[in-house]
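Number of protein chains: 6
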Amino acid sequence: MTRHDGRENNDLREITIERGWSKQAEGSALISFGNTKVLCTASFTNGVPRWLKGKGTGWVTAEYSMLPRSTNDRMDRESVKGRIGGRTHEISRLIGRSLRAVVDMKALGENTLVIDCDVLQADGGTRTAAITGAYVAMADALEWGRDKGFIGKNAKPLIDSVAAVSVGIIDGVPMLDLAYVEDVRAETDMNVVVTGRGLFVEVQGTAEGAPFDRNELNALLDLALGGGADLTALQVATLAS
Amino acid sequence: MTRHDGRENNDLREITIERGWSKQAEGSALISFGNTKVLCTASFTNGVPRWLKGKGTGWVTAEYSMLPRSTNDRMDRESVKGRIGGRTHEISRLIGRSLRAVVDMKALGENTLVIDCDVLQADGGTRTAAITGAYVAMADALEWGRDKGFIGKNAKPLIDSVAAVSVGIIDGVPMLDLAYVEDVRAETDMNVVVTGRGLFVEVQGTAEGAPFDRNELNALLDLALGGGADLTALQVATLAS
Amino acid sequence: MTRHDGRENNDLREITIERGWSKQAEGSALISFGNTKVLCTASFTNGVPRWLKGKGTGWVTAEYSMLPRSTNDRMDRESVKGRIGGRTHEISRLIGRSLRAVVDMKALGENTLVIDCDVLQADGGTRTAAITGAYVAMADALEWGRDKGFIGKNAKPLIDSVAAVSVGIIDGVPMLDLAYVEDVRAETDMNVVVTGRGLFVEVQGTAEGAPFDRNELNALLDLALGGGADLTALQVATLAS
Amino acid sequence: MTRHDGRENNDLREITIERGWSKQAEGSALISFGNTKVLCTASFTNGVPRWLKGKGTGWVTAEYSMLPRSTNDRMDRESVKGRIGGRTHEISRLIGRSLRAVVDMKALGENTLVIDCDVLQADGGTRTAAITGAYVAMADALEWGRDKGFIGKNAKPLIDSVAAVSVGIIDGVPMLDLAYVEDVRAETDMNVVVTGRGLFVEVQGTAEGAPFDRNELNALLDLALGGGADLTALQVATLAS
Amino acid sequence: MTRHDGRENNDLREITIERGWSKQAEGSALISFGNTKVLCTASFTNGVPRWLKGKGTGWVTAEYSMLPRSTNDRMDRESVKGRIGGRTHEISRLIGRSLRAVVDMKALGENTLVIDCDVLQADGGTRTAAITGAYVAMADALEWGRDKGFIGKNAKPLIDSVAAVSVGIIDGVPMLDLAYVEDVRAETDMNVVVTGRGLFVEVQGTAEGAPFDRNELNALLDLALGGGADLTALQVATLAS
Amino acid sequence: MTRHDGRENNDLREITIERGWSKQAEGSALISFGNTKVLCTASFTNGVPRWLKGKGTGWVTAEYSMLPRSTNDRMDRESVKGRIGGRTHEISRLIGRSLRAVVDMKALGENTLVIDCDVLQADGGTRTAAITGAYVAMADALEWGRDKGFIGKNAKPLIDSVAAVSVGIIDGVPMLDLAYVEDVRAETDMNVVVTGRGLFVEVQGTAEGAPFDRNELNALLDLALGGGADLTALQVATLAS
């Protein structure tokens, strides 16, 4: 059995990262997971929100959004509706937690990073692409901050790298990096955020169809760790270029 | 090492369920996980939202909220702020998905269940208490619907039961059912939703401090399955009384 | 003629007050007027809003809300609708004014009390139950503030007690403390807030059906003063226990 | 003792009503209570909201608002703030109830009246001026509806007239129709809505300072009934002109 | 060919300005362009918003709104809808820019002017009436500020006057100051804001029907400059009276 | 005198149009005016909003938005603020009017086009780039609709093309297509929307600094017509490719 696009079950889609896409942001990456395209920008500001002032630690937060016609059917804008939906909130919070897991806030010092992940085109896996691209944007913004003298020369604000990938069970078979047509058919859907060292930051598994057992969970985690390692390698290569 | 309240690491707090607390709702339960108290009501309506009409299937949704002084420091009301926060959205969606996982929508027929989970007092684990109590309220509302003739005599809308419990790692030690003082200290925090048959509906693990490895994840899942079984037994006993 | 629940026209429903229901709030009371149940919490904060700073006086405010399934038909949450309705605003303001009428703001000093009245179950008279219970919660919060040293040992922030009761005319007959089934049939509906000394704080009479004359108004006020005295006695007994 | 503007305690301010001020509305009145000026328009629509269709009865509702610089200090617009305040809600509801009290909804038939009361200049008593002027606007809009054939030739949708006036106790003395400088000094403030026949529609008394006793309440009601009769006479004269 | 109201193509409607209409505002004007009536108030505050403090310059801003029944069909209030519409935003911004164009912010000093333009009755040209009336209100408020000593005796905050008028092409013929019945038929609609010296502040032309050519544009600008001069003369006369 | 980027006063920046950038939308274009980049998508839906049903005409509308870090300083998202700002409203309306000016709604039939213009990177002229790119996206979406049979084979919904460009006066010199650094220095700023035949759809000139006279206005219009012709040529070439 092969997948709709010819991949094996443990294959990622084609992943590309255009580092420095934005001329305005301190760090940025336009990342593609197949047809899913997310523009990630990292805005570095010297200083922290009022409630953190004087504590010697920094702050990292993230916002996720989809363009109205990133999807096959046009969605109404959340700005027009006047409120942010639950899914948007949930993913923004997930991205923020994932990034904070690899930042040493003391080493960051009293600086703020706001990461914006805007989905330009959606074909499944937008949140995992967002996290993976956001790490690259954040890494560059941190170096910008170091160049400007806002971060000490020898400070190490990054304690690890972070990437994310989706896995799911379709017709009983565990698969890596689901495209949209796979995602809607999956019985179980899991997003896994892993560090460059192979540790878990987030494991979010949901039975969309039938509940899943321990063996299925284990098979999904195996796939995710493999995919995460590939994404980490690509991040390293991108930042080295 | 014992816990602040004398429990062993694999002990639940004292769990009580007051079934039928509300005189207004078709099903209800006031559930306590220690000092955490959640009022769960299930509102049964014959009929479905417009977008589901004529499809022969039902709908189950949930809303979660905290009273402003359920917590140690008073929180502003979301109605006063004019918007629902990300955490509230996230938990409402989790409760809804968890309940839908054990409902056969065809057997439910064109009926709607709205489950409200209002936290009267909070001491950690409000979302897991909410799911556990919501199942009891929902089960009673379904029987109400059967009595009224909205659900067939032999229809089986419930295909399993569902309960939830939190687990976490504190000072390197996995623990079951965290109270608030434990929750704030946990390096890793996981909410696990399991069915009466011991299958997973949701697994949501987050590294609040350090990322976690595969062994830690396994230990947490073991604890959660044990706690889930105990909660299931209590649900069964409550509904049998 | 007797009422649907066997009461005489000048009888209150069964009134119970569970003082100190909440483990979190500085003062609290779960009050029942028959099947109407309102959880009242009083949050004491040392300090006042910015616009009052340095004036040597305190601040008391209140918020009222109903759980969505406190009523026979489920209501949408105001947090979900994104706006507070006129009725909620009106009642919150009434409770606040009623409580402030018995507080000496100078004696309170620069401290703030926020009273939350959340209706857990509604069967008519929720605003009058809320005021009556809120007074008990507030009295306890003030003693908490005195114990903590935020209020002087000999300061007397409470200059009187306050309670409230509804009265109405049904089929031409004045009645005390209307239950929901009575409330919907009343031609005239009045909420009266009285102090422990028998003075009026608020008199709000509305002709729901036919306008009323001076004699009817007088009969309603007589009933209300009687009911207010009974509620005052219960408040005194509760706070003495 | 005379008042700041030379009035006796039982004198109204100068009251003027410009009937038909608006060229757009079916009925309108620009009413002045001294320096308080309120533009009242009545919009007549054939038909009723969906929830009333087919019941053979009409609907009357009202909205109240203040121009931002109607007051001595400019207020922010509620449209800019994005939410309507409690006071605005409260007064809109009061005006609507007052008008509905004198309309026979069956005789109105399936027609809708929306009354807008916009305060152009405020100097105390804006809600009472609004009710008094709204009645005139409504009466003219009803005649417009009769002329157009939406209301039967012999139908009597108006069963009485309605007017309103404020009363209050200042330095222990009951006074009629308070101007702003009096209103802020009043210990007790009462708004009374009366019909042309001298019956009460609303009695809303509030102890702003000290609670009030039965004698004071009676004195205030006496004053209000007198003022209401004068306003009724002016309404009659205006509609006859 | 004459117009529906007998005017020539280059005639303004009857223009009246009631200077000082409001007893509350520092400057005010009730302006009529035929049946269009706009109440303009100017609120003078000593001081500026925080972001301008210490820069020695002032601030002028404007807000535009329409009463719900200023128009032939009642519109919903923007405060009730909870959001301001695009047209309202657009016109408020236009009025603010127009007024700022004739104010020397240094000469104004650290003072703030808020101009409110509320349309009481609408018959086309509400934004041009608003600008024309707002200038008169602003001029008076500036003199108030000078009298109070907030503006220096010899300071000249007004560097010119400003007025506005609409022009349009109807059936191929350019016309001045369109009434509503003309406005809806116009192929091209232009609002022109001019100073007393005959310079342009804003030129906003829109092809509602067919696009327009250079000759048509020139004819419209000729008409607008003529109308602007007439309005300027009226403003001068009004402020001299 | 040359400009900061070496252009002559009547030079456009480098303009590129990537037609069909989006795999999801029926028509799309990623347009660049120098460093300004706007993603334009056109969503074609068979059918019209309810208020247009049965009239045989179509509907075209547009929404404009900026990504939070499209600009040099990060802006808060309008979805997070819960309201759309005046500038966004104004530009969305301008784009919609400009596109509708070249569409024959009868020939479009009962079909709806929603054009989304999202600014990915901003360097002045975002609204003019948006209009110019939106036309290309719209043209392709119309052909999609013709291919699907929603538009007749011989119907001509496009009656002309449309493009837009900014012009301004800097240090007294009229210039074409302002970049951001020029825009902030301009005394007068004008956006001109022209059709392929050289007619005006919109002329919006604003004196940001000093008011402008008739000669300056003419010089700006000359520049704009020249730039518009160049943009038209590029649109034609893009759609022919």
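If you're matching them up, the sequences are chains A, B, C, D, E and F in order. Counting from -2, one number per residue, gives the positions in the first sequence under the working numbering. Counting from -2, one number per residue, gives the positions in the second sequence under the working numbering. Counting from -2, one number per residue, gives the positions in the third sequence under the working numbering. Counting from -2, one number per residue, gives the positions in the fourth sequence under the working numbering. Counting from -2, one number per residue, gives the positions in the fifth sequence under the working numbering. Counting from -2, one number per residue, gives the positions in the sixth sequence under the working numbering. The beta carbon of each residue, even a glycine, is placed where N, CA and C say it ideally should be.
Cβ neighbours of residue i in the same chain (closer than 6 Å, five flanking residues each side left out)
i: B/Ser62; result: Asp115
i: F/Thr203; result: Asp186
i: D/Ala216; result: Pro171
i: F/Val57; result: Leu96, Arg97, Val100 and Leu110
i: D/Gly130; result: Ala26, Ile28, Val35 and Cys37
i: A/Asp113; result: Thr38 and Glu60
i: D/Pro65; result: Arg71, Met72 and Arg74
Closest Cα partner of residue i within the set the options
i: B/Ala230; options: B/Ala152, B/Thr192, B/Ile112 and B/Thr33; result: B/Thr192
i: C/Glu60; options: C/Val77, C/Ile81 and C/Leu196; result: C/Ile81
i: F/Arg71; options: A/Asp70, A/Lys52, A/Arg84 and A/Thr42; result: A/Thr42
i: C/Phe147; options: C/Thr54, C/Ala207 and C/Asp219; result: C/Thr54
i: C/Gly165; options: C/Val178, C/Ala136 and C/Ala183; result: C/Ala183
i: B/Ala104; options: B/Lys52, B/Gln21, B/Glu179 and B/Gln232; result: B/Lys52
i: B/Leu155; options: B/Glu140, B/Asn6 and B/Gly169; result: B/Glu140
i: B/Gly24; options: B/Arg143, B/Gly206 and B/Ala221; result: B/Arg143
Cutoff 8 Å: residue i Cβ touching any chain B Cβ
i: C/Glu179; result: no
i: C/Gln21; result: yes
N- and C-terminal bounds of the beta strand (DSSP E) containing residue i
i: F/Ile88; result: No beta strand (DSSP E) contains F/Ile88, which is instead part of the alpha helix (DSSP H) from Gly83 to Arg97.
i: F/Lys34; result: Thr33 to Asn43
i: A/Met187; result: Thr185 to Thr192
i: E/Gly130; result: Careful: E/Gly130 lies outside any beta strand (DSSP E), inside the alpha helix (DSSP H) at Thr123 to Asp144.
i: C/Met172; result: Val170 to Leu173
i: C/Leu110; result: Asn108 to Gln118
i: D/Val77; result: First-last for D/Val77: Glu75 to Lys78, but that is the alpha helix (DSSP H), not the beta strand (DSSP E).
Chain-order list of residues whose beta-carbon lies under 7 Å from that of residue i (same chain, five-residue window excluded)
i: B/Ala126; result: Ile28, Phe30, Thr33 and Val35
i: E/Asp174; result: Leu9, Arg10, Phe30, Gly122, Val162, Ser163 and Gly224
i: B/Val159; result: Ser95, Leu96, Ala98, Val99, Ile128, Tyr132, Val190, Thr192 and Val198
Own chain partners of residue i with C-beta closer than 8 Å, once the 5 adjacent residues on each side are dropped
i: C/Pro46; result: Trp56 and Thr109
i: D/Glu75; result: Ser62, Ile81, Gly82 and Thr85
Contact with chain F by residue i, beta-carbon distance below 8 Å
i: E/Pro208; result: yes
i: E/Val200; result: yes
i: E/Thr192; result: yes
i: E/Arg94; result: yes
Below-8 Å beta-carbon distance, residue i vs any chain A residue
i: B/Gln232; result: no
i: B/Ala98; result: yes
Run of the alpha helix (DSSP H) containing residue i, from where it starts to where it stops
i: F/Gly225; result: Arg211 to Ala237
i: D/Thr(-1); result: First-last for D/Thr(-1): undefined, no H or E at that position.
i: C/Arg10; result: Neither: C/Arg10 is in no alpha helix (DSSP H) and is coded neither H nor E.
i: F/Val178; result: Tyr177 to Asp180
i: A/Ser62; result: Careful: A/Ser62 lies outside any alpha helix (DSSP H), inside the beta strand (DSSP E) at Trp56 to Met63.
Residue-level contact to chain G via CB, residue i, 8 Å cutoff
i: E/Gly55; result: Any reference to chain G falls outside this structure, whose protein chains are A, B, C, D, E and F.
For the stretch 60 to 90 of chain A, list every residue whose C-beta sits within 7 Å of some C-beta in chain F, in sequence order.
Glu60, Ser62, Leu64, Pro65, Arg66, Ser67, Thr68, Asn69, Arg71, Arg74, Glu75, Ser76, Val77, Gly79, Arg80 and Ile81
May I ask you to list, following chain order, the residues of the stretch 108 to 127 of chain C that have a beta carbon less than 9 Å from some beta carbon of chain B?
Val111, Asp113, Asp115, Leu117, Gln118, Ala119 and Asp120
Just by C-beta distance, which residues in the stretch 24 to 48 of chain D are closer than 7 Å to chain E?
Asn32, Leu36, Thr38 and Ser40
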